[in-house]
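Asks:
Protein chains: 2
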Amino acid sequence: MATIYEVAKLAGVSPATVSRVFNGAGVSVEKVAAVREASRELRFTPSRAARTLRKQSAEVIALIIPDIENPYFTELARGVEDVAQSAGYSVVLCNTDSDLEKETTYLQIALSENMAGVILAPASDKSDLDDILTAGRPVVTVDRQTDYDTDRVIMDNFRAGKAATENLVRTGFRRIACITGPQDVETAYERADGWRAILRQRLPDLDPDELLRYSTFRVDGGREAMEDLLALPEPPDSVVASNNLLGVGAIQVLTEHGLTPPAFGVSVVGSLPFTTLSPSAVTVVRLPARHMGVTAATQLLERIAGDHQPARTVVLPSSLESATAARTS
Amino acid sequence: MATIYEVAKLAGVSPATVSRVFNGAGVSVEKVAAVREASRELRFTPSRAARTLRKQSAEVIALIIPDIENPYFTELARGVEDVAQSAGYSVVLCNTDSDLEKETTYLQIALSENMAGVILAPASDKSDLDDILTAGRPVVTVDRQTDYDTDRVIMDNFRAGKAATENLVRTGFRRIACITGPQDVETAYERADGWRAILRQRLPDLDPDELLRYSTFRVDGGREAMEDLLALPEPPDSVVASNNLLGVGAIQVLTEHGLTPPAFGVSVVGSLPFTTLSPSAVTVVRLPARHMGVTAATQLLERIAGDHQPARTVVLPSSLESATAARTS
DNA sequence: CTGAAAGCGCTAACAA
DNA sequence: TTGTTAGCGCTTTCAG
Chain A
1 MATIYEVAKL AGVSPATVSR VFNGAGVSVE KVAAVREASR ELRFTPSRAA RTLRKQSAEV
61 IALIIPDIEN PYFTELARGV EDVAQSAGYS VVLCNTDSDL EKETTYLQIA LSENMAGVIL
121 APASDKSDLD DILTAGRPVV TVDRQTDYDT DRVIMDNFRA GKAATENLVR TGFRRIACIT
181 GPQDVETAYE RADGWRAILR QRLPDLDPDE LLRYSTFRVD GGREAMEDLL ALPEPPDSVV
241 ASNNLLGVGA IQVLTEHGLT PPAFGVSVVG SLPFTTLSPS AVTVVRLPAR HMGVTAATQL
301 LERIAGDHQP ARTVVLPSSL ESATAARTS
Chain B
1 MATIYEVAKL AGVSPATVSR VFNGAGVSVE KVAAVREASR ELRFTPSRAA RTLRKQSAEV
61 IALIIPDIEN PYFTELARGV EDVAQSAGYS VVLCNTDSDL EKETTYLQIA LSENMAGVIL
121 APASDKSDLD DILTAGRPVV TVDRQTDYDT DRVIMDNFRA GKAATENLVR TGFRRIACIT
181 GPQDVETAYE RADGWRAILR QRLPDLDPDE LLRYSTFRVD GGREAMEDLL ALPEPPDSVV
241 ASNNLLGVGA IQVLTEHGLT PPAFGVSVVG SLPFTTLSPS AVTVVRLPAR HMGVTAATQL
301 LERIAGDHQP ARTVVLPSSL ESATAARTS
C-alpha cells in the first residue's frame with residue numbers, strides 16, 4: 001500500500017497537506033486536485049491502523065450480542081448498522097453465546113482496538129464493564145440492563161407479557177401456560193411477570209407456578225417446556241411464549257401433537273421469524289428490534305461526539321400485531 | 001490505558017522485554033513474573049492498533065456476506081467464527097445487501113485496516129478484487145464464485161437442484177414448478193438447471209419456461225413467484241424453491257390458498273429456518289452452511305500462515321433430508 | 001537473556 | 001494556506 005508520503009511526493013506537496021485533503025481541512029483547490037490525482041494513480045487508501053494509533057480512537061463500534069443466529073438480534077444489528085454506516089462508522093459484530101467470558105474478551109478487544117464505543121446486549125446481569133467504562137469509552141446497553149450507569153434502550157417487557165396473555169383471555173382461552181427464558185434474565189422474568197399479572201386479575205383460580213416453565217431462549221428450550229406442559233394431568237389450552245425461538249419450539253411440538261394453532265392458543269412475544277403459519281393463527285406482540293438498534297446507535301454516536309448528559313434510559317413500546325385471532329375449536 | 005513503557009518501568013525491565021513476554025519469546029522466569037504482576041496492577045492490555053501498524057497486519061478477518069438476516073449466512077458465520085476464534089482471530093461481519101458498491105467499500109476497509117484476510121460471499125459475479133489481491137491479502141470466496149483465481153468453497157448446486165426435484169417426482173408429483181433467485185447469480189441458475197435436467201429426463205412433456213420463475217432470494221420474492229404460478233391456467237401441483245427464504249414465501253402463499261404441504265409438493269434447497277411445519281411435510285435438501293464456514297476459515301488461516309499452493313476449489317455435498325414425504329392428497 | 005533505538009503511517013501543534 | 005516535526009504504542013533488529 002502506498003503511504004501518505006509517496007502521495008505527497010508525487011503531488012508535490014507535504015504529507016500534512018495530503019492528510020488535510022482526506023480530512024476536510026482548508027486546502028487550495030489546485031493542491032486538492034493534485035493530491036486526488038496522485039492518490040488515484042497510486043491506489044492510495046489511508047491506513048486506518050495508523051490513524052487509530054494517532055487519534056487514539058477508531059471509527060468502529062462494537063456490537064456485542066448473545067446469539068447471532070436469533071433473527072431478533074440480526075434485526076437489531078441491521079438497525080445499528082444502518083445508522084453507523086451513514087455516519088461513517090463500521091460495526092464489528094461479536095457473538096457471545098451468552099457466555100460471560102466471551103463477553104469479557106470482546107470488551108477487552110474493543111478497548112484494545114480503541115473502538116469508539118460499544119453497544120452491548122448483556123449476556124446476563126453480571127457483565128463486567130469496569131475496564132471499558134474507566135477507560136471512558138461510551139457504552140449503550142440494549143435489550144437488557146446492567147447495574148452500571150450507562151445509557152440503555154430497553155422495552156416494556158411487563159406490558160408485552162400482559163398484552164400477549166390478555167389477548168388469549170379475550171379470545172376465550174382459560175388455562176394459559178407460559179414458557180419463558182432463564183430465571184436470571186430480566187427480559188425472561190419481566191415478561192413472565194406480565195403473564196402472571198393477567199392471570200391473577202382475570203383467571204385467579206389458576207396456579208401460576210404449575211403453568212410456568214423457565215427455559216433457555218432457544219428452540220429446543222421451547223420444545224422441552226411445551227412437551228412438559230402437555231404432559232400435565234390437566235394440560236393448558238394455550239401458551240404464552242416469551243420470545244420468538246421459544247414460540248417456534250412450542251408450535252413445533254403442538255403441531256406434532258396435532259394441536260395446531262389457533263385451536264390451541266399461542267401468543268408470542270417477538271415476531272415469529274420466517275413463519276409459514278397463516279397470520280391470524282397466532283397472536284404476536286411485536287418487539288421493535290430494528291428500532292432498538294437505531295436508537296442505541298444514535299445515542300452512542302452522540303456520546304462519541306462528546307455528549308455528557310447523565311445516562312438515559314429509553315423504553316420502547318411493543319405492539320400487538322394480530323389481536324383478531326378467533327377461537328375456532 | 002497503560003502502555004508497555006509504564007509496565008516496563010514498574011516491572012524494572014525494558015519495553016522490549018514486556019513485548020517479549022506478551023509474544024512468547026525467551027524471557028527469564030523472574031522477569032516474566034514481574035511483568036505479569038505489573039501488567040495486572042496497571043490493568044494493561046496491549047494496543048492492537050499499535051501492533052497492527054507495526055506488524056502491518058491485524059489479527060482480524062473480514063467476513064463479507066450479502067444478507068445478515070438470512071439464517072443461511074448466519075450459520076455460515078458461526079462456522080467461520082468458531083475456527084477464527086480458536087486461532088485467536090476476531091471476525092468482522094460485513095453486510096452488503098447484495099450491493100456491489102457496499103461490497104467494494106468493505107473490501108477497501110479490510111485493506112485499510114490491514115486485516116489478515118477476507119472471506120467473501122460475493123454479491124454477484126462482478127465483484128472487484130483487484131486492490132485486495134494486488135495487496136497480497138488472501139481471499140476465500142464462499143457460496144458463489146468470481147472470475148478471480150482465489151480459493152473457493154462452493155457446493156454442488158446442480159445436484160442439489162436435481163435431488164430436490166427428483167424427490168417430488170418420486171413422490172408422485174407431475175407438474176413441478178421452480179422458483180429461483182436472480183438470473184445472474186450462479187447458485188440460482190445452477191439449482192434451476194438441476195430442476196430442468198430432471199424435468200427433461202422424467203417429465204419431458206412439461207415446458208420448463210412456463211414453470212420457472214426468477215426472483216430475488218427473499219421471502220417476498222418467493223411469495224410473488226408463487227402467486228404468479230398459482231394464477232397459471234394450469235397451475236403446478238408442486239414446487240422446488242431454490243433457497244430457504246423463497247421456500248418460506250412459497251409456503252406462506254400456499255397456506256393462504258389452502259394448499260398446505262404435503263398435499264401440494266414443496267421441495268426446498270437449504271433448510272427451512274425455524275419451521276413450524278411437521279418435518280415430513282416438505283422435502284429439504286440441506287446445505288452445509290456451517291461446514292462451509294469452517295472450511296473457508298481453515299483455508300484462509302492456512303493462507304495467512306503463508307501457504308502458497310495454487311488456488312483450491314472445494315465442493316461441498318448437499319444432503320437430502322426428508323425423502324420420505326408421501327403424497328397424501 | 002536483555003536493552004537501546006528505529007520506525008510502522010498518520011495527525012496536529014506550531015511556525016512560516 | 002502550507003510545511004516541519006514530534007509522537008501515538010508497539011515490534012524487531014542489533015549490540016551487548
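Top line first, the protein sequences correspond to chains A and B. For the first sequence, position 301 matches number 301 in full-length UniProt numbering, and the numbering has no gaps at all. For the second sequence, position 80 matches number 80 in full-length UniProt numbering, and the numbering has no gaps at all. Here a beta-carbon is modelled for each residue, glycine too, at the ideal position from N, C-alpha and C. Values in this document were obtained by computation on a predicted structure and should not be read as measured data.
1) With residue 221 of chain B and residue 192 of chain B assumed to form a contact (beta carbons below 8 Å), what rounded beta-carbon distance in angstroms separates them?
2) Classify residue 187 of chain A: buried if its beta carbon has 16 or more other beta carbons within 10 angstroms, exposed otherwise.
3) Specify, as a first and last residue, the run of the alpha helix (DSSP H) that residue 23 of chain B falls within.
4) Give the residues from the stretch 122-149 of chain A that approach chain B closer than 7 Å (Cβ to any Cβ), ordered along the chain.
5) At what residues does the beta strand (DSSP E) containing residue 214 of chain A begin and finish?
6) Is residue 65 of chain B near residue 84 of chain B, with beta carbons less than 8 Å apart?
7) For residue 290 of chain B, which residues does DSSP report across the bridge?
8) Could you run through the stretch 217-248 of chain B and flag, in chain order, every residue whose CB is less than 9 Å away from some CB of chain A?
9) Would you mind stating whether residue 277 of chain A and residue 264 of chain A have Cβ atoms separated by less than 8 Å?
10) Of all the options B:203, B:81 and B:219, which has the alpha carbon lying nearest to the alpha carbon of residue 292 of chain B?
11) So the beta strand (DSSP E) residue 151 of chain B belongs to, where does it begin and stop?
12) Should residue 331 of chain B be flagged as near chain A, meaning a C-beta pair shorter than 8 Å?
13) May I ask you to report which of helix, strand or coil DSSP gives residue 32 of chain A?
14) Give me the Cα-Cα distance between residue 337 of chain B and residue 71 of chain A, rounded to the nearest whole angstrom.
15) Quick one: measure Cβ to Cβ for residue 179 of chain A and residue 241 of chain A, integer angstroms, because I've assumed they're closer than 8 Å.
16) In chain B, which residues lie with their C-beta within 7 Å of the C-beta of residue 251 of chain A?
17) Below 7 Å on C-beta distance, what does residue 84 of chain A contact in chain B?
18) Is DSSP giving residue 296 of chain A helix, strand or coil here?
19) Does residue 185 of chain A come within less than 8 Å of chain B when only Cβ atoms are used?
20) Is the shortest distance between the beta-carbon of residue 292 of chain B and the beta-carbons of chain A less than 8 Å?
21) Contact check, residue 270 of chain A vs residue 259 of chain A under 8 Å by CB: the rounded distance?
22) I want to see whether chain B comes within less than 8 Å of residue 77 of chain A, judged by CB atoms only; does it?
23) For a cutoff of 8 Å on Cβ pairs, would you count residue 176 of chain A as touching chain B?
24) Is it buried or exposed, residue 29 of chain B, if we count other Cβ atoms within 10 angstroms and call 16 or more buried?
25) Who are the Cβ neighbours of residue 103 of chain A in its own chain at under 7 Å, not counting the five residues just before and after it?
26) For residue 120 of chain A, which three-state DSSP category applies?
27) Note down the Cα distance separating residue 39 of chain A from residue 152 of chain A, rounded to an integer number of angstroms.
28) Decide if the stretch 111-125 of chain A is in contact with the stretch 41-55 of chain B; the criterion is three or more beta carbon pairs, one per stretch, under 8 Å apart.
29) Could you pull out every unbroken alpha helix (DSSP H) segment of at least 4 residues lying fully inside the stretch 162-201 of chain B, listed in chain order?
30) For chain A, find out if any of its Cβ atoms is closer than 8 Å to the Cβ of residue 269 of chain B; answer yes or no.
31) The ligand COA and residue 146 of chain A: does any heavy atom of the ligand fall closer than 7 Å to the residue's C-beta?
32) Output, in chain order, the set of chain B residues within a Cβ distance shorter than 8 Å of residue 48 of chain A.
33) Does the beta carbon of residue 100 of chain B come closer than 8 Å to any beta carbon on chain A?
34) Less than 8 Å between the CB atoms is what I'm expecting for residue 304 of chain A and residue 138 of chain A, so what's the real figure, rounded?
35) Who are the neighbours of residue 93 of chain B on chain A, taking C-beta pairs under 7 Å?
36) Could you pull out every residue in the same chain whose Cβ sits closer than 6 Å to the Cβ of residue 319 of chain B, ignoring the five residues on either side in sequence?
Replies: Taking the geometry as given:
1) Here residue 221 of chain B corresponds to residue number 221 of the second sequence, with the count starting at 1. Here residue 192 of chain B corresponds to residue number 192 of the second sequence, with the count starting at 1. The pair is not a contact, with the Cβ atoms about 14 Å apart (cut-off 8 Å).
2) Taking the first sequence and counting its residues from 1, one reaches residue 187 of chain A at position 187. Buried, because 16 or more other Cβ atoms sit within 10 Å of the Cβ of residue 187 of chain A.
3) Residue numbering aside, residue 23 of chain B sits at position 23 when the second sequence is read from its first letter. Start and end: 15-23.
4) 131 and 135
5) On the first sequence, residue 214 of chain A is found 214 positions in, with the first residue counted as 1. 212-214 is the extent of the beta strand (DSSP E) around residue 214 of chain A.
6) Mapped onto the second sequence, residue 65 of chain B falls at position 65. Mapped onto the second sequence, residue 84 of chain B falls at position 84. Their beta carbons are not under 8 Å apart, which means residue 65 of chain B does not touch residue 84 of chain B by this criterion.
7) Position 290 of the second sequence, counting from 1, holds the residue named residue 290 of chain B. Its beta-bridge partners do not exist; DSSP assigns none.
8) 219, 244, 245, 247 and 248
9) Your numbering for residue 277 of chain A matches position 277 in the first sequence. Your numbering for residue 264 of chain A matches position 264 in the first sequence. Contact flag unset, no.
10) One-based indexing of the second sequence puts residue 292 of chain B at position 292. With distances taken between Cα atoms, residue 292 of chain B lies closest to B:81.
11) Within the second sequence, the letter at position 151 stands for residue 151 of chain B. Where residue 151 of chain B is concerned, the enclosing beta strand (DSSP E) stretches over 151-155.
12) What the structure shows of chain B is the stretch from 1 to 329, and residue 331 of chain B is not part of that stretch, so it cannot be assessed.
13) The sequence position of residue 32 of chain A within the first sequence is 32, counting from 1. In this structure, residue 32 of chain A counts as helix in the three-state DSSP scheme.
14) This structure does not reach residue 337 of chain B, given that chain B is present from 1 up to 329, and the question cannot be answered.
15) Position 179 of the first sequence holds residue 179 of chain A. Position 241 of the first sequence holds residue 241 of chain A. Correct: roughly 5 Å between the Cβ atoms.
16) What you label residue 251 of chain A is simply residue 251 of the first sequence in a count that begins at 1. What residue 251 of chain A touches in chain B: 276.
17) By one-based count along the first sequence, residue 84 of chain A stands at place 84. What residue 84 of chain A touches in chain B: nothing, since even the nearest Cβ is about 11 Å away.
18) For the purposes of this step, residue 296 of chain A is identified with residue 296 of the first sequence, where counting begins at 1. Reduced to three states, the DSSP call for residue 296 of chain A is helix.
19) Counting from one through the first sequence, the residue named residue 185 of chain A turns up at place 185. Not closer than 8 Å to any Cβ of chain B, the Cβ of residue 185 of chain A fails to qualify, so no.
20) As a first step, residue 292 of chain B must be located in the second sequence, where it is residue number 292. No - not a single Cβ of chain A is within 8 Å of the one on residue 292 of chain B.
21) In the first sequence, the residue the question calls residue 270 of chain A occupies position 270. In the first sequence, the residue the question calls residue 259 of chain A occupies position 259. Contact doesn't hold; Cβ gap of about 21 Å is too wide.
22) Residue mapping note: residue 77 of chain A aligns to position 77 of the first sequence, counting from 1. So, interface residue.
23) Walking along the first sequence from the start, residue 176 of chain A turns up at place 176. So, not an interface residue.
24) In the second sequence, residue 29 of chain B corresponds to position 29, counting from 1. Looking at its Cβ environment, which holds fewer than 16 other Cβ atoms inside 10 Å, residue 29 of chain B is exposed.
25) As a position in the first sequence, residue 103 of chain A is number 103, starting the count at 1. Hits under 7 Å: 64, 96, 123 and 127.
26) On the first sequence, residue 120 of chain A is found 120 positions in, with the first residue counted as 1. Reduced to three states, the DSSP call for residue 120 of chain A is strand.
27) To locate residue 39 of chain A, count along the first sequence from 1; it is residue 39. To locate residue 152 of chain A, count along the first sequence from 1; it is residue 152. Going by the C-alpha atoms only, they are around 42 Å apart.
28) yes
29) none
30) Counting from one through the second sequence, the residue named residue 269 of chain B turns up at place 269. No, residue 269 of chain B lies away from the interface with chain A (no Cβ there is under 8 Å from its Cβ).
31) By its list of ligands, the structure shown contains no ligand whatsoever, and the ligand COA lies outside what it can speak to.
32) Counting from 1 along the first sequence, the entry for residue 48 of chain A is found at position 48. Going along chain B in sequence order, the residues near residue 48 of chain A (Cβ under 8 Å) are 109, 112, 113 and 114.
33) Counting from one through the second sequence, the residue named residue 100 of chain B turns up at place 100. Not closer than 8 Å to any Cβ of chain A, the Cβ of residue 100 of chain B fails to qualify, so no.
34) The sequence position of residue 304 of chain A within the first sequence is 304, counting from 1. The sequence position of residue 138 of chain A within the first sequence is 138, counting from 1. That belief holds up - the Cβ atoms of residue 304 of chain A and residue 138 of chain A are roughly 6 Å apart, short of 8 Å.
35) In the second sequence, counting from the first residue as 1, residue 93 of chain B sits at position 93. Within chain A, the residues near residue 93 of chain B are 93.
36) Stepping through the second sequence from its first residue, residue 319 of chain B is reached at position 319. Cβ neighbours of residue 319 of chain B beyond the five flanking positions: 286.
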